[in-house]
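**Q**
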Amino acid sequence: MTPKMLLLPILLPAALAVVLLVIPRTLRLVRNALALAGAAVLLYYGFVFFALKDLRFNVPWLGMGIDFDLRLYHFSSFILLALAGFLILITLYSTVKMKDAPRAREFFAYVFLTAAFANGAVLANNFVPLVFFWEGLLVTLYGLITIGGRPTSGRTAVKALLISGFCDFSMILGIGLLWTVSGTLTMSQVSVEPTGLAAVAFVLMMIGAAGKAGAMPFHTWIPDAAVDAPVTFMAFLPAAFEKLLGIYLLARISLDFFKLRPGSGLSVLLMVLGAVTIVLAVLMALVQKDLKRLLSYHAVSQVGYMILGIGTAVPFGIAGGLFHMINHAMYKCGLFLSAGSVEHRTGTTELKKLGGLRKEMPLTAFGFTVCALAISGVWPLNGFVSKEMVFHGALESGYTVFAIAAWVGAIFTFASFLKAGHSVFFGERTREIPAVKESQPAIVVPILVLAALCILFGVYNKLPLTLFIQPILAGHVEAGAHLDFTSHALDIFNPVALISIGCLVLAFLLHRHGFLKSGRKPYLASEPVHNLPVVHKLYDLAEARVFDPYEQGVKVLHGLSLVLYKAVDRPIDFVFEKVVTVAGEKFTAILRKAHNGHYANYLAWCLAGLIIVAGAISLLAK
Amino acid sequence: MIILFVALPLVVAGILPLVGKVSRRVVPDLLANAALLFLLVYAAITGRHLIAGGPVLQQLSWFGEPVAIRLALDGFSLLMLLAIALVGLAACLFSIDYMEHYGAKANYYALFLVMIAGMNGLVLATDLFNVYLFMEVAAVASYALVAFGLGRDELEAAFKYLLLSVVATAFILISVAVIFGMTGSLDFAAVAKALQELNAGAAVGVASAFFLMGFGLKAALIPFHAWLPDAHPSAPAPISAVLSGLLIKVSGVYAMTRIFLNVFGLTPALSTVLMSLGALSMVVAAFLALGQKDMKRMLAYSSISQVGYVVLGIGIGTPLGIAGGLFHLFNHALAKGLLFLTSGSVQQATGTRDLDEMGGLAKRMPITAATNLVGALSIAGVPPLNGFWSKLIIIIALVQSGHPVFAVIAVLTSVLTLWYYLLMQRKAFFGKLNEKWAAVKEAPFWMTAATVFLALLCVGIGILFSSTVTTWIQPAADVLADGVHAVIGSWGF
Amino acid sequence: MIVQTALLIGLVLFSVLAILLRDLLKSAISLAAASLFLGIIFFRMNAPYAGVFEISVVAGLITVLFILTIALTKAGDEVRESRVVNWVFPLFFIAFIIIDALVMKGLLRKIPALASGAETGTFGDVLWKGRTFDLVGQIAVILAGVFAVLALFRKGDKHD
Amino acid sequence: MNAETIVLLTILVPIVGSFATPLAGLLSRRARSVWAILVSAVTAVLPLTLIPLALQGGEVIVRKSLALGFDFVLIIDPLSIFMAGVSSFVGCLIVVYSVGYIHKEENQNEYYLMVLLFIGAMMGLVFSGNLIFLYLFWEIIAISCWRLIGFYREPAHVRKADKAFLVTFFGAVVMLLGFIQIYGITNTFDITAMRGTLVPGTAVLLILFGLFSKSATVPLHTWLPDAGVAPTTVTALLHAAVLVKIGVYAFARLFLYTFRLPEGWQQAIPIIVMVSSLVAAGAAAVENDIKRILAYSTISQIGYIFLGFSMANAAGISGSLLFILMHGLAKAGLFLCAGIVIHAVHTKDIREMGGLVKTMPVTAIAFLVCSFSVIGIPPFGGFFSKFLVIMGTVQAGRPWLAAAALFTAVLTMYYLFRVFSLVFLGELKRPAPEKTKSMVFVVAVLAVLSLAAGLFVAYPMKLVNIATTEMSWWLR
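Residue numbers (this note's numbering), protein chains in the order written: chain A, 1 to 622; chain B, 1 to 493; chain C, 1 to 160; chain D, 1 to 476.
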């Protein structure tokens, strides 16, 4: 297996993207086949690389320490495999879902281009190729959102681009600082104490990673995209790819590049960011009326768990965060796909209009339920395991307040999914939607596969933990404590597990109370929480995007531009345009008045001139 | 045979009115232009290798016995002769067509040649009184030529010009008398030698003050400039070209430079006065030009401003400064002659001199517009034309001789100069065609030929500036840089 | 000395009068008187030739010419020239006179006395031997004058 | 043909060719356009033949002495070859574009004459090694710019052209004073003889006046947006590709290759240019005339190039050199797209346009690609240049400036996408098909080039690295 093979995961999808773009609309089947074949090949090589574990491809590129350096090691091979997996599921799903979409060819091209960039970013071992592939995703992000075709998708695409662009630029600044501190751009050689300038670099790069993952301050484009962008995009990028890449980089930052100390200021910062993201996002999710927006807020909230996990800087917590990353990718993608399947058949995802679809769409219903339970952290599923590890990590790190925030998040997550599940699948049938059949197999199969994986990773969690997560932490265990998470993963007879189960029961009661209070209408189950005195006000403000940093940011940008334009540019132009010309005319007018054509005047000047000249010469001659 | 420069034009001028009786137009044109062409060729070719070995002195003899006509030709006077011949020829070519509707062409050419003869005589004179006399010759001819159009404002302008010049020459005469009184002789060499021994600083100071007033008025420096903005615009175009291009330089700057540098010797006091006068006229005239509505008045003020540059250059006194000043004198003669000729073509084509009425003439008169552009950019000092090099040398000399303030003023004035030339371009040629001039045709053949001749000269000198400087400007500058010794040593008769 | 200054004041008086008088005839006569005074001053400063020329040519010939033309053209009426006398010129003129008086007297005393008569010989030899180039110049001025008259008083095909 | 003849040809062919265009014009309109394209193509190819010489990193000095110390010196080194290549290539593309663009306008003879003169003077300036000849070509470019901006002959346009000429002439003449002050110290105008001399602060200020006026940095920048009244090809040539690069090239040639900047200035220049970049970006976000927006955007991006050069470390300088290439391509593309849009919709106000992506797909994609490259988003070329400039700034110990640069980059993204969404997205107000094929072709070529420059950045980078090491004697 020559090092050159490392180029394959980048070049194959890129080439395929070009081909897919070129294939005329009529040859749709050929296109689908090609896409699936390409994804399959990528998956195969994902496994091959995973088995291979170590490979390095390094060729000089721009000089000055910048060379095209790709490195395969256990962490990147794991992410590569995961990316390939999701790619094939999404491609399969899209062959049907995007069948009659106007710009389907572009969609497939962007999907594979994203895959190429993502693979490149994961494999990169020099910061410049990393940034090159990392920011390349911006282009496809913009392209994919505009495919939504709704009038506001252009605006949302720009919003997503600006937010991600801002984060990527701050990451560039972070990398620049890191380069000056560490002296080298090769990622594998960088390992710096995060103090002083390096701390600033850490924060900036963390912003980059969190921005990509969609954490709190940079998340506002995801809910808008949920409505404006195609659902396949939501399942593909915000649910799976972005989370994987974002948390991969966050892990590498806090593990490889900087030696993050548990309990240090930066770890607390991360934990605060995580906790805040969990709580606020889930509260927003609870009151959503549209299934896709609800799921998108959950995507943001779940990232909070991962950041909290990594933020604890405790091996147990970090492992929990990483495991939660892959688990979340699976069940979130599943949830979005099932929402897509519902939308495919019924044409809408409004909770009010939907109801009792479990009889007509049993498989989607089953898939949705399994994933919903997984995300809520119900026992034996993978969500439970990774959440437990995050809870343990949070407690072990000494700051119980973050654990409590996590638990609160768990409560509302389960409450909102009860509401969603109940109103979409388990309530009684509403008349607005005609009779519907189950979606085609190409849509249902990916959902079921993901549901199965959730069950597999939950029940037999030893496999992913030892195979994927453990090697990542191998190099970083300080306390020498044997990294054995698997021993008490599934036992529920310990205080932490009991508390989480208590939370679930609490959520169920909350849902039942809401359900009964609103006269058996499942989609209003969250009203009691929604109508709390102060909270109600906050919700309205949030819906009006008051807290949306992007909207405020754009207003600030526009204000600043206006100030710069009016206070600096126009005055300078005024000086050139008016002041100089008017001054010239004024001075000339004075002089011209002196030329009135009288001979006597002219003679007078001559005499005056003579006197002055004579005086000057005699004075100066002395 | 350098007397030819004076004698030939006079003789031709003498016979011209008689010839004029015979054929009204063809022969006078031919004769005048042939004379000037001969002078040009004579100056350009034979002149150069004459002065190769230092100044040429000629003591004439009338049928055997020596006559007190002493002429001296050195680098500086040869440069002036060349300039006179060049611009004179161009103006003469131009007037073939332009003077058609004025009538009395033979008289016009006669006066023109007398003026040329006067200027040539002044340049070759070796005696203070001769300088005064030949200046009068050129002046009288120019009074008549300015009033040639016989219009009301032409007569008034000519009259004012005459009266002011008379005052100026009176003061020059006083100064000549003072010098004669002090040194007992009028010959440059003798006066220079005598002044060296006499340390009558104050008297020389007063004499140079009077000279400065007289020649200043002739050169139209600011306090004494008032006659020029009236005289030049009302004169017929070729005449204002020769006036602005040559007369103010020969009878003003040449005489002042020759006397101050070669006879009196440039004292620091005189140098500062000259430089400040130059700078003053540079700035004030530029501002005045900015406000003009009449094309030729703007060009007249621009002449005052550029003569200010020349005087500033020469006033520095360093060899480089003098070279810069002389080079600018030469370039300005060509470029300003060109501009006045183009204004003549425009006036003849549209019948007006008012810039606001003109508009987009470039469409109908492309060659005139192009040549005007070349002239304007050359004077504004925009490379690669000749004006740029001379201004550059002046500014370098200013900075090197420790006058940064003057250098900044010179630089800012060249920006101002460009401003009003752009104003002229925009109003006259570069804008949209004013429908009034839709029927306007390009100027007749000889007029465009003259302007193209001068324009090519401007561009040629701009590109081959190094050979021009070494062959023509450097010898002249060396003569002046030697100061009094140039005259004492080699001019003794 | 008094005679000298009296003559000078007379000269200045008559020339100013020549300008200010409205009637052409009177001003021509006062011009002749002024040149007469000048001729006398030349004689007193032992410049006989200058004096002769001044009186004969300027006082005699030109005055006759003026009177003749005035009479011929019967343009004896006033000259309606605008009498704008503004304060600028007189002020500077007086200033110039004062400074001239103060400075020049003291200055000229310092100039060394002229050596012996530079060129001896009759006026004719001086003119011919010493100043022949001036003769050429003189001829040129006369030529210029003639052509000027011819050009300025041409009739017929004047303006198109 | 040795390097000297090639360089002399690169300078003389366009200048002599430009004066021959009116003659070709007499023959026929086609003959003239073919002649113009031929001359510009030859000028574009000639510097490319020098690239092997550049890659060896050698420096050939040609000297021919003239009067009074103004001797004609040519420096043929990687920096000048790189600049010559970039400008002549983009110039040639613009000549091809303008054949389609102005075939209906009058006085085209003068247009082609001035464009070719412009390219010729640019070649002359890039290779000249004597301060006076640098100034001479500088002014010839100012003349041709003046005539080009006033091409439409409207009174308002000509006034703007005059303003542009006066501001640049004022700056240039003050710069000349600076040159003469330096001449007073070193008493030579020859750059190669003055390498390494420390220059007094005032001379730096004076020279900066000239550089900032030509490359339109804030205090002297208002002429550039006003010059938007010129035909789009001219604004593309002026704003994007070539004219503004002169100021930047002169900065590199004078203050990196030749003189040592006094300490105070090394601190001050980056701040000035960053302020200029920010102000221009702010103005671009507010303007509504598409060409003025792109003009302000150029002023803002030029700030980056100056920033990179003033950092004087390997990353900064190579970043700036690469920036010149990438920005030249991308911004020319943007302008020419704007040209097609204006040509079709007959208005410059972006609020009156909308939804043009449906009728002008190729132009829309080209505009998007070029905007991405200008903003600096991979995989397009602009990313590498902006990245290197920022790395250089951070390495030079100025993280705050780097932060400001990045903020301006966000502002750039904001206003470029504001333009893109207002012009190409949204509902279709004025349906207008894409006009002539040649214009769309050129725009597509520029877009593809921006992408290719990004993907195959290693090749231009090789030349840029050599130029950087060659130029920065203090690093060696």
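For glycine and all other residues, C-beta sits at the position ideal for the given N, C-alpha and C.
So for ASP23 (chain C), helix, strand or coil by DSSP?
**A** Reduced to three states, the DSSP call for ASP23 (chain C) is coil.
**Q** Give every residue of the same chain whose Cβ lies closer than 7 Å to the Cβ of MET298 (chain B), excluding the five residues on either side of it in the sequence, and list them in chain order.
**A** The answer, listed in chain order, is ALA289, GLN292, TYR420 and MET424.
**Q** Could you tell me whether the Cβ of LEU72 (chain C) comes closer than 8 Å to any Cβ of chain A?
**A** It does not; no Cβ of chain A falls within 8 Å.
**Q** In chain order, which continuous runs of the alpha helix (DSSP H) of length 4 or greater are located wholly inside the stretch 358-388 of chain B?
**A** Here the runs fully enclosed are 366-380.
**Q** Below 8 Å between beta carbons: does that hold for HIS328 (chain B) and GLY313 (chain B)?
**A** Yes; because the gap between Cβ atoms is below 8 Å, this pair is in contact.
**Q** For ASP228 (chain A), count neighbouring Cβ atoms within 10 angstroms of its own Cβ and tell me buried if that reaches 16, exposed if not.
**A** By the 10 Å Cβ count, ASP228 (chain A) comes out buried.
**Q** Output, in sequence order along the chain, the residues in the stretch 389-416 of chain D whose CB is closer than 7 Å to any CB in chain A.
**A** Of all residues in the stretch 389-416 of chain D, ILE390, MET391, VAL394, GLN395, PRO399, ALA402, ALA403, LEU406, ALA409, VAL410, LEU411, MET413 and TYR414 have a Cβ within less than 7 Å of some Cβ in chain A.
**Q** Let me make sure I understand the geometry here. Which of B:MET358, B:HIS225, B:MET282 and B:PHE445 has the alpha-carbon closest to that of ALA604 (chain A)?
**A** The shortest Cα separation from ALA604 (chain A) among B:MET358, B:HIS225, B:MET282 and B:PHE445 belongs to B:HIS225.
**Q** State the DSSP-derived secondary structure class of GLY480 (chain A), mapped to helix, strand or coil.
**A** Confidence at GLY480 (chain A) is low in this model, with a pLDDT of 43, below 50, so the placement of that residue is unreliable and no value is reported for it.
**Q** Using a Cβ-Cβ cut-off of less than 8 Å, list which residues of the stretch 576-587 of chain A approach chain B; keep chain order.
**A** Hits within the stretch, in order: GLY584, GLU585 and PHE587.
**Q** Would you please verify whether the beta carbon of MET213 (chain B) is less than 8 Å from any beta carbon of chain A?
**A** Yes, MET213 (chain B) counts as interfacial toward chain A.
**Q** What's the C-alpha gap between ASN46 (chain C) and ILE617 (chain A)?
**A** Answer to the nearest angstrom: the Cα atoms are 34 Å apart.
**Q** When burial is assigned at 16 or more other CB atoms within 10 Å of the CB, is ASN199 (chain B) buried or exposed?
**A** The residue in question, ASN199 (chain B), is exposed, as its Cβ has fewer than 16 Cβ neighbours within 10 Å.
**Q** Tell me, to the nearest whole angstrom, how far the beta carbon of ALA330 (chain D) is from that of THR232 (chain D); I am working on the premise that it is less than 8 Å.
**A** Incorrect: roughly 16 Å between the Cβ atoms, too far for contact.
**Q** Kindly list the residues whose CB is nearer than 7 Å to the CB of LEU37 (chain B), restricted to its own chain and excluding five residues on each side of it in sequence; keep chain order.
**A** For LEU37 (chain B), where only same-chain residues beyond five positions count, the Cβ hits under 7 Å are LEU89.
**Q** Taking CB distances under 8 Å as the criterion, tell me whether ALA479 (chain A) reaches chain D.
**A** Here the model assigns ALA479 (chain A) a pLDDT of 44, short of 50, so the residue's position is not dependable and the matter cannot be decided.
**Q** Suppose the cutoff is 6 Å on Cβ atoms and the five residues either side in sequence are ignored; what does the same chain contact list for LEU27 (chain D) look like?
**A** Correct list: empty, nothing qualifies.
**Q** Identify whether PRO60 (chain A) lies in helix, strand or coil by the three-state DSSP scheme.
**A** PRO60 (chain A) falls in the strand class under three-state DSSP.
**Q** Verify the CB distance criterion: does SER184 (chain D) have a CB-CB separation below 8 Å to chain B?
**A** Sequence inspection shows Gly at residue 184 (chain D); the Ser mentioned does not correspond to that position. Yes, its Cβ sits closer than 8 Å to a Cβ of chain B.
**Q** May I have the straight-line CA-CA distance separating ILE67 (chain C) from HIS598 (chain A), to the nearest angstrom?
**A** If I take the Cα positions, the gap works out to 29 Å.
**Q** How is the beta strand (DSSP E) around GLU543 (chain A) delimited, first residue to last?
**A** First-last for GLU543 (chain A): 533-543, but that is the alpha helix (DSSP H), not the beta strand (DSSP E).
**Q** Go to ALA68 (chain B), then tell me how far its beta strand (DSSP E) extends in each direction, as first and last residue.
**A** Its beta strand (DSSP E) spans residues 65-73.
**Q** Taking Cβ to Cβ, would you say SER164 (chain A) is nearer than 8 Å to LEU141 (chain A)?
**A** Yes; because the gap between Cβ atoms is below 8 Å, this pair is in contact.
**Q** What does a CB cutoff of less than 6 Å around SER213 (chain D) pick up in its chain, not counting 5 residues either side in sequence?
**A** The answer, listed in chain order, is VAL167, THR168, GLY171 and LEU220.
**Q** Among A:LEU52, A:ALA199, A:GLU106 and A:LEU43, which has the Cα closest to the Cα of ILE23 (chain A)?
**A** Of A:LEU52, A:ALA199, A:GLU106 and A:LEU43, the residue nearest in Cα terms is A:GLU106.
**Q** Under a CB-based cut-off of 8 Å, is SER618 (chain A) close to chain B?
**A** Yes - at least one Cβ of chain B is within 8 Å of the one on SER618 (chain A).
**Q** Under 8 Å, Cβ to Cβ, is there at least one residue of chain E near VAL12 (chain C)?
**A** The question asks about chain E, but that chain is absent: this structure's protein chains are A, B, C and D.
**Q** By DSSP's criteria, ASN130 (chain D) is part of a beta bridge. Which residues make up the other side?
**A** According to DSSP, which records beta bridges pairwise, ASN130 (chain D) is partnered with D:ASP190.
**Q** When you compare each of A:LYS259, A:HIS511, A:ALA121 and A:LYS289 to LEU244 (chain A) by their alpha carbons, which one comes out closest?
**A** When only C-alpha atoms are compared, the closest one is A:ALA121.
**Q** Which of helix, strand or coil does DSSP assign to GLN59 (chain B)?
**A** Correct three-state label for GLN59 (chain B): strand.
**Q** Within the 8 Å Cβ cut-off, does PRO378 (chain D) reach chain A?
**A** PRO378 (chain D) counts as touching chain A.
**Q** Anything in chain A within Cβ reach of PHE264 (chain B), meaning under 8 Å, just list it in chain order.
**A** Going along chain A, no residue has its Cβ under 8 Å from PHE264 (chain B), so there is no contact; the nearest lies around 11 Å.
**Q** Residues in its own chain within less than 6 Å of VAL62 (chain D) by CB, not counting five upstream and five downstream?
**A** Hits under 6 Å: GLU4 and LEU74.
**Q** Can you check the stretch 436-517 of chain A for any alpha helix (DSSP H) of at least 4 residues that lies completely inside it and give the ranges in chain order?
**A** Runs found: 441-459, 470-474 and 495-517.
**Q** Please go through the same chain and pick out, in chain order, the residues whose beta-carbon is closer than 7 Å to the beta-carbon of SER18 (chain D), but skip the five residues on each side of it.
**A** For SER18 (chain D), where only same-chain residues beyond five positions count, the Cβ hits under 7 Å are LEU113, LEU116, LEU117 and GLY120.
**Q** What residues from chain A crowd round VAL16 (chain C), counting only those whose CB sits closer than 9 Å?
**A** By Cβ distance, chain A contributes nothing, its closest Cβ being about 13 Å from VAL16 (chain C), past 9 Å.
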